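In the working numbering, the protein residues as written are 9 to 281.
Backbone N, C-alpha and C fix where the C-beta goes; we use that ideal spot for every residue, glycine too.
These numbers were taken from a predicted model, which means no experiment stands behind them.
Read through the structure below, which is laid out as structure tokens, and then see the notes.
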Ligand code: 1HE
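As structure tokens, then:
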């Protein structure tokens, strides 16, 4: 993935700078987090999973959105298969729970996450992508769930998250047959919301992240935390949850100032761009 770097990107300091399998930079309110294990196609080793968890728990206070990318020719080759050989049942459960903790921190963390997908987005790589909120797919991206071929099952939250994007039937097909979706098929199936040319994913993601970072934090929180939970509730319970969340969001000083700005002609209109 080419990377037209915005001039204001600065390397992270402190704890985030010590995470050697990630490269983390800040551009104002946007934090860019890059999987940095290209020699192994960004395969998700235990250390990389722990570092992802650490990074998302320790985002700077000023961060309002995160962009995730992968270094090298592929976004992510999934689970590091070299680490799998000697695990027993108990260790297997704990390993999966470690992935859940890390990916939950992405989906249900403090700020929205935009991910750029290119090359292989397979197995645990697709599980990681599905924990993010907005997915931008470059033309080279392809999607697969080769767990069946490897004698495995998804363990990083994929069975809960991926069917919510593409449906159980499509995921079943990918897992049983080893079918691989190209970028356009993936977008059509709901695996990504934006399709861009090769090399344009980072710029698109930064543009989206800056827009998202400009929203009221409570509105972003509601979208991240209330929306998926309401989707899992009955309509009756969902409507009640919605009322509570709506009242919280609109009562913030931020919301009141934004409404005032619109009514006084100081805020942008909703126009087709
Ligand atoms: C790896 C991994 C990996 C590459 N674990 N080492 N995931 C998979 O079944 C996908 C397996 N990987 C591949 O199919 C291919 O590597 C790719 C299509 C992603 C990339 O192909 P290519 O030709 O660019 O690279 P390569 O030559 O295959 O790999 C380069 C190196 O990365 C090589 O190591 P080297 O030491 O010989 O240089 C590979 O062994 C290594 N590598 N992928 C470990 N995945 C929570 S449950 C989740 C379950 C899953 O994710 S299952 C799916 C696993």
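query: Cβ-heavy atom distance, residue 105 to the ligand 1HE, below 6 Å; result: no
query: beta-carbon residue 109 near the ligand 1HE non-hydrogen atom, thresh 6 Å; result: no
query: Residue 130 CB to nearest heavy atom of the ligand 1HE below 6 Å; result: yes
query: Heavy atom of the ligand 1HE within 6 Å of residue 171 beta-carbon; result: no
query: Closest residue to residue 217 among 142, 108, 240 (Cα-Cα distance); result: 142
query: Cβ neighbour criterion (16 or more within 10 Å) applied to residue 261; result: exposed
query: Span of the beta strand (DSSP E), counted from its first residue to its last, around residue 270; result: Residue 270 -> not in any beta strand (DSSP E); alpha helix (DSSP H) instead, spanning 261–271.
query: Whether residue 200 touches residue 147 by CB criterion (7 Å); result: no
query: Classification of residue 71 by the beta-carbon crowding that lies within 10 angstroms, buried from 16 upward; result: buried
query: Simplified DSSP assignment, three categories, for residue 235; result: helix
query: Per-residue DSSP class, three states only, for residue 143; result: strand
query: Span separating the alpha-carbon of residue 144 from that of residue 96; result: 37 Å
query: Nearest-angstrom Cβ-Cβ length linking residue 43 and residue 21, presumed shorter than 8 Å; result: Residue 43 to residue 21, Cβ: 20 Å. No contact.
query: Residue 49 Cβ short of 6 Å to the ligand GDP heavy atom set; result: For the structure depicted, the ligand GDP is absent and the ligand set comprises only the ligand 1HE.
query: The region 147–163 / the region 180–190 touching (three or more Cβ pairs under 8 Å); result: yes
query: Secondary structure of residue 10, DSSP reduced to three states; result: Low confidence applies to residue 10: its pLDDT is 46, below 50, so where it sits in the model is not reliable, and the reading given next is rough at best. Residue 10: coil per DSSP, three-state reduction.
query: According to DSSP, residues forming a beta bridge with residue 38; result: 35, 73
query: Top-ranked residue by Cα proximity to residue 140, from 170, 183, 52; result: 170
query: Three-state secondary structure assigned by DSSP to residue 151; result: strand
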